[in-house]
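Quick note, the numbering used here runs 4 ahead of the 1-based positions in the sequence shown.
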Amino acid sequence: MGTVLDAEFVKGFIRMCNDGWEQGWHERNGGNVSYYLTEADVEEVRDGLNFEGEWKPIGTEVPTLAGGFFLVTGSGKYLRNVILNPEDSIGLIQLDETGKDYRIVWGFTGGGRPTSELPTHLMNHEVKQKLTKGRNRVIYHAHTPNVIALTYVLPLTDEVFTRELWEMATECPVVFPQGVGVVEWMVPGGREIAVATSKLMEKYNVAIWAHHGMFCSGADFDETFGLMHTVEKAAEILVKMRSICPEKRQTITPDQFRELAKAFGVELPERFLYEK
Ligand code: 2HA
Ligand code: ZN
5 MGTVLDAEFV KGFIRMCNDG WEQGWHERNG GNVSYYLTEA DVEEVRDGLN
55 FEGEWKPIGT EVPTLAGGFF LVTGSGKYLR NVILNPEDSI GLIQLDETGK
105 DYRIVWGFTG GGRPTSELPT HLMNHEVKQK LTKGRNRVIY HAHTPNVIAL
155 TYVLPLTDEV FTRELWEMAT ECPVVFPQGV GVVEWMVPGG REIAVATSKL
205 MEKYNVAIWA HHGMFCSGAD FDETFGLMHT VEKAAEILVK MRSICPEKRQ
255 TITPDQFREL AKAFGVELPE RFLYEK
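What follows is the structure, given as structure tokens:
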């Protein structure tokens, strides 16, 4: 049995932090990541954990995740440093039996603590745990510049964001057929924004925070990073398109989306295929 850093899920986590940094999504301490360990993951690293840490409040309640273990980035930590000094930048936490408190069992060696967005991460995990029966294990928050830019010019509705992003690349409706949700501007870091975000996670795997960034959920690091990347790239194309000329000369039509849905075996909700 190796150390915590030898576990594949820890390596995948570190790689995703660095990939996001290289994309330009994590200025300073922007963005954060969490991974919900499987029982097998916990057994793999158990010998390297320290169960003497003090219990501290999460800032919300997540009873369905009671006793669960999460690998999380640290509050105030820079994602560009994760690859250089993972033990300081990230940490493993365990939740208590009520789902109200957590303790650090590995990492945060310099005295760190979990991301300020821990309430949103855990409330999103709780929703995904219930709805996907443990399939979706990654929650990823990034400051994606093109999506943020669009929150200044598009109406802040799920319908408009979904439709505009879908139109920007044929693969979009296949990658996120449920669409994307939008949270209007709110104070980050607390329970209120966590509740609003987790409500959207009941319908979508993507929640956009106006003038701030995005949250994505997926089964693993590849799927979650790929989703963030696909949505942000679609937003980049929309920004480019609107910079060239404010109106589209041609685009993918509602009927073409319906054809695509049939060909790829996905269901596209009709409320996104409105006539313009
Ligand atoms: O600084 O991204 O939303 C971390 C954040 C807060
Ligand atoms: Zn943020």
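Backbone N, C-alpha and C define an ideal beta-carbon position, used for all residues, glycine too.
Contact check, residue i vs residue j, beta carbons under 8 Å
i: G35; j: V142; result: no
i: M172; j: L272; result: no
i: E130; j: L75; result: no
i: E91; j: G115; result: no
i: F276; j: E163; result: yes
i: I152; j: H233; result: no
i: T119; j: T77; result: yes
i: N150; j: E240; result: yes
i: F13; j: L41; result: yes
i: N140; j: K81; result: no
i: E188; j: L160; result: yes
i: V49; j: A11; result: yes
i: N209; j: F165; result: no
Element boundaries [alpha helix (DSSP H), containing residue i]
i: I18; result: E12 to Q27
i: D259; result: P258 to F268
i: D281; result: The chain is shown from 5 up to 280; residue 281 falls before or after that span and cannot be answered.
i: R195; result: R195 to M205
i: A153; result: P149 to L154
i: L126; result: L122 to T136
i: V179; result: C176 to V179
Residue i at chain B interface by Cβ criterion, 8 Å
i: G78; result: Included in the structure is just one protein chain, with no chain B present.
In DSSP terms, what residue i is bridged to
i: V142; result: Y39 and G222
i: L75; result: Y39 and L96
i: G217; result: W213
i: K60; result: Y106
i: P118; result: G78
The beta strand (DSSP E) enclosing residue i, as first and last residue numbers
i: I108; result: D105 to G111
i: F186; result: One point to set straight first is that residue 186 is Val, not Phe, in the sequence displayed. V186 -> beta strand (DSSP E) spans G185 to V187.
Closest Cα partner of residue i within the set the options
i: F79; options: H145, D23 and T42; result: This sequence places Ser at residue 79; Phe is not what is there. That would be H145, whose Cα lies nearest to the Cα of S79.
i: F261; options: S202, V178, G185 and L53; result: V178
i: R84; options: C21, P258 and G138; result: C21
i: Y39; options: K237, F229 and K280; result: F229
i: L9; options: G28, L154, E236 and V86; result: V86
i: H55; options: T42, Q98, G24 and F17; result: Note that residue 55 is Phe in the sequence shown here, rather than His. For the residues T42, Q98, G24 and F17, the minimum Cα distance to F55 belongs to Q98.
i: S212; options: G185, F225, R19 and D259; result: A small correction: the amino acid at residue 212 is Ile; Ser does not occupy that position in the sequence shown. Of the candidates G185, F225, R19 and D259, the one whose C-alpha sits nearest the C-alpha of I212 is G185.
i: G217; options: Y156, E101, F268 and P181; result: Y156
i: D100; options: S93, V66 and R117; result: V66
i: L190; options: G24, E121 and K244; result: The sequence shown places Met at residue 190, not Leu. Nearest C-alpha to M190: E121.
i: G269; options: R32, Q182 and F225; result: Q182
i: H147; options: L160, R50 and E31; result: E31
i: Q27; options: K237, A11 and T7; result: K237
i: I94; options: R167, I256, R19 and P159; result: R19
i: T255; options: V235, L231, K280 and A267; result: K280
i: T7; options: W29, G52 and E43; result: G52
i: G63; options: L204, G193, E263 and D259; result: G193
The region 184-200 in contact with the region 123-136 per 3-pair CB rule at 8 Å: yes
Cβ contact check for the region 88-106 and the region 56-73: 3 or more pairs under 8 Å: yes
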